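Enquirer: Here it is: the structure, laid out below.
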Amino acid sequence: MKKVLFAFICLFTLLSVSKHAIAQQPTVPASNVITVGKTTTSISINWTSGNGTSRIVTCALSSSGTSVPSDGTAYTQNSTFGAGSNLGNANYVVYNGSGSGCNAFGLSPGTAYRIRIYEYLIGVNGFDFSYENYLTSSYPNYLEYTLTTEPTTNASTINVSNIAANSASLAFTSGNGTFDLLSLRASSSYANTPVDGTSYSPSTTFGSGTALTTSSPSSYVLTWGTATSANVTGLTAGTTYTAAAFAFNGSSGTYNYLLTSYPTKTFTTLAAEPTSASNTLAFSNITNNSMT
1267 MKKVLFAFIC
1277 LFTLLSVSKH
1287 AIAQQPTVPA
1297 SNVITVGKTT
1307 TSISINWTSG
1317 NGTSRIVTCA
1327 LSSSGTSVPS
1337 DGTAYTQNST
1347 FGAGSNLGNA
1357 NYVVYNGSGS
1367 GCNAFGLSPG
1377 TAYRIRIYEY
1387 LIGVNGFDFS
1397 YENYLTSSYP
1407 NYLEYTLTTE
1417 PTTNASTINV
1427 SNIAANSASL
1437 AFTSGNGTFD
1447 LLSLRASSSY
1457 ANTPVDGTSY
1467 SPSTTFGSGT
1477 ALTTSSPSSY
1487 VLTWGTATSA
1497 NVTGLTAGTT
1507 YTAAAFAFNG
1517 SSGTYNYLLT
1527 SYPTKTFTTL
1537 AAEPTSASNT
1547 LAFSNITNNS
1557 MT
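This note's numbering puts the first residue of the sequence shown at 1267, with every later residue one more than the last.
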């Protein structure tokens, strides 16, 4: 009886040790994290998975400290920020599964968040399939911002003056955003709106500012910031252009453009001047009151 009891104890000890020793840890972390969408209260991301069978995704304010998962612990996911398991320091689990994308909802506008992805394997020794082994020595540490609340009143009333063959002056009335964007397209109609979360490089030389490229021909950013007018150069003679203006709020990573009810203005530059003057006037059939 003692021999049987001893053998049972040895077997139980072996199983207890094995289940933790044989549950392998992933060796390749997730990578290539990208944002596929964001609003004032949500962030959506995709990634390339590592060699774990599953992974958890945590979301935390960028100012919060980092807390990594503990081996052997199963965490509860909830895509609403603050409702999933808290690893510590308000690092909340927003995803737990085998996929390669997730959402985080319930975020605050204009706020920076840290998103981390931890690959894990579950015990593979056949004795305990509930033991999670997390890769915590290497993992993506992704920074993303939610959008700032957008303005409620857009820019208005674009006026064009001083139209010449290769230049024109544009001015508009600002909306109730902190900033405005003025863009110009070589077309009789306007297309191409700015993208939320994006900053742009302006230039009053047409074609030198950042191109908005949703539709051809592209629209080019003339002003981006607090300016409400532009003296535009680099235009083509005898060509029709359409300008548009957009109010926006935000700072780096949080810019939110008001893309409804924006003003447009169409104008045509003057034809090119002749390059040479008339010369050699000749008269014939001269009389007292006529000539040819």
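Built from N, CA and C at the ideal position, the CB exists for glycine as well.
Just so we're clear, the structure is a prediction, and the values are computed from it rather than from any experiment.
#1: DSSP on F1363, reduced to helix/strand/coil?
#2: Could you tell me the distance, in whole angstroms, from the CA atom of T1541 to the CA atom of A1434?
#3: Near T1414, which residues of its chain fall below 8 angstroms by C-beta distance, leaving aside the five closest residues on each side in sequence?
#4: Across which residues does DSSP place V1498 in a beta bridge pair?
#5: Only counting the same chain, and skipping five residues up and downstream in sequence, which positions put a Cβ closer than 7 angstroms to that of S1321?
#6: Does DSSP put D1337 in a helix, a strand or coil?
#7: Is S1469 closer than 7 angstroms to G1463 when the C-beta atoms are compared?
#8: Considering Cα atoms alone, identify which of S1455, Y1456 and L1450 is closest to T1489.
#9: Please classify E1539: is it buried, with 16 or more other beta-carbons within 10 angstroms of its beta-carbon, or exposed?
#10: Where does P1335 land, buried or exposed, given buried means 16+ other C-beta within 10 angstroms?
#11: Taking the alpha carbon of T1532 as the reference point, which residue from S1366, N1551, T1505 and N1554 has its own alpha carbon closest?
#12: Exposed or buried, which one is G1443 when buried takes at least 16 other CB atoms within 10 Å?
#13: When the Cβ atoms of the stretch 1452-1467 are set against those of the stretch 1478-1492, are three or more pairs found closer than 8 angstroms?
Expert: To lay it out plainly:
#1: A small correction: the amino acid at residue 1363 is Gly; Phe does not occupy that position in the sequence shown. Three-state result, G1363: strand.
#2: 21 angstroms
#3: T1306, P1375, G1376, N1515, G1516, S1517, T1520, Y1521 and N1522
#4: A1434
#5: Reading the sequence as shown, one finds Arg at residue 1321 and not Ser. A1296, S1315, I1383, Y1384, E1385 and Y1386.
#6: coil
#7: no
#8: L1450
#9: exposed
#10: buried
#11: T1505
#12: buried
#13: yes
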